[in-house]
Every structure is written in C-alpha cells, then in structure tokens.
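**Student:** This is the structure, below, for whatever I ask next.
Protein chains: 2
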Amino acid sequence: MSLENSTRSAVTEEQYPQDKAAVSPAVIRRLPRYFRYLRELIRQGKMRISSKEFSIMMNVTASQIRQDLNCFGGFGQQGYGYNVNYLYARICELLGVSAGLCAVIIGAGDLGRALVRSPMFEKRGVDIIAMFDVDETLVGRSVGGVMIRDMDALEHFLREVPVDMAVLTLPKDQVSEVTDRLVQYGIRGFWNFTGKDISHDDQSVIVENVHLGDSLMILNYKLCQQKASEKKAKE
Amino acid sequence: MSLENSTRSAVTEEQYPQDKAAVSPAVIRRLPRYFRYLRELIRQGKMRISSKEFSIMMNVTASQIRQDLNCFGGFGQQGYGYNVNYLYARICELLGVSAGLCAVIIGAGDLGRALVRSPMFEKRGVDIIAMFDVDETLVGRSVGGVMIRDMDALEHFLREVPVDMAVLTLPKDQVSEVTDRLVQYGIRGFWNFTGKDISHDDQSVIVENVHLGDSLMILNYKLCQQKASEKKAKE
Chain P
1 MSLENSTRSA VTEEQYPQDK AAVSPAVIRR LPRYFRYLRE LIRQGKMRIS SKEFSIMMNV
61 TASQIRQDLN CFGGFGQQGY GYNVNYLYAR ICELLGVSAG LCAVIIGAGD LGRALVRSPM
121 FEKRGVDIIA MFDVDETLVG RSVGGVMIRD MDALEHFLRE VPVDMAVLTL PKDQVSEVTD
181 RLVQYGIRGF WNFTGKDISH DDQSVIVENV HLGDSLMILN YKLCQQKASE KKAKE
Chain Y
236 MSLENSTRSA VTEEQYPQDK AAVSPAVIRR LPRYFRYLRE LIRQGKMRIS SKEFSIMMNV
296 TASQIRQDLN CFGGFGQQGY GYNVNYLYAR ICELLGVSAG LCAVIIGAGD LGRALVRSPM
356 FEKRGVDIIA MFDVDETLVG RSVGGVMIRD MDALEHFLRE VPVDMAVLTL PKDQVSEVTD
416 RLVQYGIRGF WNFTGKDISH DDQSVIVENV HLGDSLMILN YKLCQQKASE KKAKE
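So the protein lines, in turn, are chains P and Y. The letter at position 65 of the first sequence is residue 65 when you use my numbering, and the numbering goes up by one with no holes. Position in the second sequence (from 1) plus 235 gives the number in my numbering.
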C-alpha cells in the first residue's frame, strides 16, 4: 500500500475547515515543503507534532507554522499538536497528489531519462505514461518502465490518451513549436526545463519554468561574497 | 573565444557606479534571469536595448527593469537604452562568473551524469573537476570529460586540489555524513539536489537546496485548480 493510500482514510476523522478556498498563494508556495517533512514524519511513525517541534525540524518560526497550517484545522486542544496523517492528507488533496494527473516527457536525453527514473513523480501522484524524442536510436527503448516514442507519433498518441502535463527537456530552439503542438492537443500544464522561458497567449496554459542555472548563480554569488569578506578580514 | 571573454573588455568603456555594494538581495535573486536574457541579446548581436524593449522581452515592467539595473549604471542619455555588453559583464562579475570557481559532483547516478554533461556550469564559469561515487562499476569511467572517482579517494583528492563547491546528487541517507567530510576538507558551497534540506552549524557553509518536486507540486496544484474551475463553469 502506498504512503498516499495509507493516510487517505485519516481525512474523515476530523472536520474540514469551513472555508476550503482560504489558502493564500504564499502559503501554497510553502506547502510542498510541509508535504516533504510530513511525509518524513509518517515514515518515522510519528502521529502528532507540536508547532514548536515542527518549527525546529523545518527551521522556521513556530508562529509561521501556526499561521501557515491554521487554514487546515486538524489540530486538537492547545499543546496537543498537529495530527500528522490528517495534515498530510489535506495537503496532498489540495496539491493534487491524489488527482490522478498524467504526464509525458518531451526529450529523452540525459535529463529526461534522469527524471523518468526518479521517484519524484510517483510520490506526487503524477503518472508518466510516455516519453518522446526525435532521435531514432532512442525510439522504441524503455527507460524506467516508460517507452520512448517518436515525436512524429505525438499527435496520434495525444488523440488517444488524455494527458495533463508535459515535462519539457528538449533543446531550446524547438520549445515554441512543440509547445504549440501540445497545447493544440489539449495539454495545459508545462514543466519546463529547457532554459527558455515559455509563456502562451492561451490563459488556460500553466507553466512552471525551472532554471537550475539561476540557483547555481546564486550559490556562485554567495561564495564570492564570502571569499571577498574573508580576504578583507585577513588584511 | 568564449562569450564571457569577448565581452569583458567592454567593462572599461564606462564608469562603474559609485557604490558597488548597493545591490539588494531581492535584486541579486533576479540577476540570473537578466544574465540569461542579456546572453541571448549578445548572441543576437544586439548592442543596446531600451528598458521598454527589455521589459517586453522579459515580461516585467519597464519600471522594474530600471529599478533593478539602476545600481549598475551603464546607460547613456534618456532614450538611448542600456549597453548590453557592459551590463552583461557587470552582472557576470557580480555573480562570480569570472571568479574561477571549481566544483565536484558527489553521486554519479542519472542526475549527476545529466548535470556534468550540461553546458550550464561552463556558461556560469564553474569548472567541474571530478565526480565521486561508491559504485565500483562507475569508478574509473569518464562522463562529459570528467572522471568518476571512488568516494574513498575523496579526502586525498581534496587535500591536493582546492574545491569551492560540491554538487550533491547522492542518496538522502548519506547526505549528513558526506557533507561533514566535505566541510572538513574546506568545501564551503553546496548545491544540494538530494531532496533533504541541509543546514550546517558552521556559518561559513553556504547551501542552495534544489527541490524539483516542490516545483512539480505547484504545477499539480494549478492544474487541479483550473480543472475545478472549468468544471464549475460547465455546471
């Protein structure tokens, strides 16, 4: 039984908060981190956690934890702490972990293959049902249990199978053309690793651009700042 | 000649702003994106760009552009626009692109191998000098021109060669032990893909945690919200 399934039953134990929609975008952005820590707590067999313990674990203030999780309810009397399973199930529900989303990966290069083999998708309830590439030497091979298909077969495949999301790991110069094809066949979500920001006129298209290099540059910057200040301190 | 080298000479053409340190952390966080767009402009051979053109390209307001880039100077009279080469060189300098940082990758699995083959490091001036893994079947092989070495040889290697940064793509349960070993041998920067947040008592240790799954969950969330609102509209 998967972790998601084993905890879903806990949801019915406690009352949902009155206003299910009252979660601010800033809180939403922080929820995936709570998801990871709650998952770890479940793995450890911990049933309850106080905001103080949780704040130490997550390295944020207890007041931040209380503010963020307030909208979910799910905690008993003062000092009794949060119900870990309940909170996890609520966050999973809100973030679509149990929504049965399915995805294709476009580009079966190094990154595409690394992604398809990672447990990340399964943990978050996303089912990778195919990969596509133009490279004939890759087409027909299976990676992580997922078949690599020919890009020429994309439209045919998407007519047969409804797909929610495309993970883009193809070269930059093909991004616009491929995105247009995917949108035309009903894909609305794009997880974009190409390094080229994409935006689309169609307001229903949702894009998460991932720029790993931006994160690397921030690390570079901080290392250089530190080296400079160490040098200054020595002078 | 690399893109970085070809533009460095442009720096001397114009005066540096008076206060070199006056760049806020919020602006720093946005600079890697300017870096990418300026690089693209240079590739296109564009020498000058107005804040208006730049704002359309980057999909932010012209006023945001002016505020962010104000601290760099480098623009002529009103309406003449920014000097692309100059701005690029200044941002490269500030973000440490020409600082000669060098890195090792710990973990030569799918992600480690995908990263070492990516042009991302070279573009940002980071030199990958070795990969390390415990898997004997990988040790001795070369990926993207970089040798995979035995984890047992880590200390010996780091005694010989000063390394600024470690890219962590190893399993979660080994992160703490390996990080401690690396810190002991002088590594101060960690680019952490393990999914386990790391923090270190040593204040001089700098960590950029990359959680790809968090970004996936935000996409999941937005897709589910949209599906729900489309369903509601149909009712």
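No residue lacks a Cβ here, since even glycine has one placed at the ideal position from N, Cα and C.
Using a C-beta cutoff of 7 Å, does Y:L454 count as contacting chain P?
**Tutor:** yes
**Student:** Can you list, in chain order, the residues of its chain with a C-beta nearer than 7 Å to that of Y:I340? Leave out the 5 residues immediately preceding and following it.
**Tutor:** Annotation for Y:I340: G347, L350, V351, I363, M366, V402, T404 place their beta carbon closer than 7 Å to its own, counting only its chain and skipping 5 residues before and after.
**Student:** Comparing C-alpha positions only, which one of P:N59, P:Y88, P:L31 sits nearest to P:R48?
**Tutor:** Ranking P:N59, P:Y88, P:L31 by CA distance to the CA of P:R48 puts P:Y88 first.
**Student:** Rounded to whole angstroms, what is the Cα-Cα separation between P:V205 and P:L95?
**Tutor:** 18 Å
**Student:** Looking at the secondary structure, which residues open and close the alpha helix (DSSP H) in which Y:E371 lies?
**Tutor:** Note, Y:E371: premise wrong, no alpha helix (DSSP H); not H, not E.
**Student:** What residue range does the alpha helix (DSSP H) around P:E160 cover?
**Tutor:** 154 to 160
**Student:** What does the Cβ neighbour count give for Y:T372, buried or exposed, with the cut at 16 atoms within 10 Å?
**Tutor:** exposed
**Student:** Helix or strand or just coil, what does DSSP make of Y:F428?
**Tutor:** coil
**Student:** Should P:E155 be labelled buried (16 or more other beta-carbon atoms within 10 Å of its own) or exposed?
**Tutor:** Its Cβ having fewer than 16 others within 10 Å, P:E155 is exposed.
**Student:** Quick one: grab the DSSP three-state call for P:I187.
**Tutor:** Note: P:I187 maps to coil in three-state DSSP.
**Student:** Could you please tell me which residues of the region 134 to 147 of chain P, in chain order, have their CB closer than 7 Å to any CB of chain Y?
**Tutor:** Sequence-ordered contacts of the region 134 to 147 of chain P with chain Y are nonexistent [C-beta pairs closer than 7 Å].
**Student:** What residues of chain P sit near Y:G424, judged by a beta carbon separation below 9 Å?
**Tutor:** Those within 9 Å of Y:G424 in chain P are L219, N220, K222, L223, Q226.
**Student:** What does DSSP give as the partner residue(s) for P:I65 in the beta ladder?
**Tutor:** Answer is none; P:I65 lacks a bridge partner.
**Student:** Where does P:Q18 fall in DSSP's three states?
**Tutor:** Confidence at P:Q18 is low in this model, with a pLDDT of 42, below 50, so the placement of that residue is unreliable and no value is reported for it.
**Student:** Assess contact between the region 426 to 439 of chain Y and the region 176 to 183 of chain P, defined as three or more Cβ pairs (one per stretch) separated by less than 8 Å. Is contact present?
**Tutor:** Counting Cβ pairs under 8 Å, fewer than three are found: no touch.
**Student:** Please list, in chain order, the chain P residues whose beta carbon lies closer than 7 Å to that of Y:D399.
**Tutor:** L223
**Student:** Whole angstroms are fine: how far does the CA of Y:K457 sit from the CA of P:R66?
**Tutor:** 24 Å
**Student:** Against Y:R325, what residues of chain P qualify as contacts under a CB-to-CB distance less than 8 Å, listed in chain order?
**Tutor:** Here the premise fails: no neighbours, minimum Cβ distance about 13 Å.
**Student:** Which chain B residues are close to P:I28, counting only those with a beta carbon under 8 Å from its beta carbon?
**Tutor:** The structure shown contains no chain B; its protein chains are P and Y.
**Student:** What would DSSP say about Y:V402, mapped onto helix, strand or coil?
**Tutor:** strand
**Student:** Thinking C-alpha only, which one of P:V175, P:R124, P:E40, P:S118 is nearest P:N209?
**Tutor:** P:V175
**Student:** What first and last residue would you give for the beta strand (DSSP E) that runs through P:M147?
**Tutor:** 146 to 150
**Student:** So which residues on chain P does Y:E357 lean against when the C-beta distance must stay under 9 Å?
**Tutor:** Here the premise fails: no neighbours, minimum Cβ distance about 11 Å.
**Student:** Can you check DSSP and say which residues form a bridge with P:E208?
**Tutor:** The partner list for P:E208 (beta bridge, DSSP) reads P:W191.
**Student:** If you follow the beta strand (DSSP E) that Y:V339 is part of, which residue opens it and which one closes it?
**Tutor:** 337 to 341
**Student:** Please report how far the alpha carbon of P:T61 lies from the alpha carbon of Y:A343, in whole angstroms.
**Tutor:** 36 Å
**Student:** Within 10 Å of its beta-carbon, does Y:D408 have 16 or more other beta-carbons around it, so buried, or fewer, so exposed?
**Tutor:** Looking at its Cβ environment, which holds fewer than 16 other Cβ atoms inside 10 Å, Y:D408 is exposed.
**Student:** Using CA coordinates, which residue listed in P:P25, P:S24, P:V23, P:R29 is at the minimum distance from Y:M452?
**Tutor:** P:R29
**Student:** Going by DSSP, name the residue or residues bridged to P:I129.
**Tutor:** According to DSSP, P:I129 bridges with nothing at all.
**Student:** Rounding to the nearest angstrom, what Cα-Cα distance links Y:E412 and Y:L336 in this structure?
**Tutor:** 24 Å
**Student:** Rounded to whole angstroms, what's the CA-CA distance from P:V207 to P:G189? Just pull it up for me.
**Tutor:** Rounded to whole angstroms, P:V207 to P:G189 spans 6 Å at the Cα level.
**Student:** Establish whether the CB of P:E53 and some CB of chain Y are separated by less than 7 Å.
**Tutor:** no
**Student:** Does P:A103 pass the burial test, meaning 16 or more other C-beta atoms within 10 Å, or should it be called exposed?
**Tutor:** By the C-beta density criterion, P:A103 is buried, having at least 16 other C-beta atoms within 10 angstroms.
**Student:** Counting only beta-carbon separations shorter than 7 Å, does Y:D449 have a partner in chain P?
**Tutor:** yes
**Student:** Show which residues of chain P have a CB atom less than 7 Å away from the CB atom of Y:E443.
**Tutor:** S215, I218, L219
**Student:** Mind reading off the beta-carbon distance from P:I42 to P:N70? Whole number of angstroms is fine, and I expect it under 8 Å.
**Tutor:** P:I42 to P:N70, Cβ: 21 Å. No contact.
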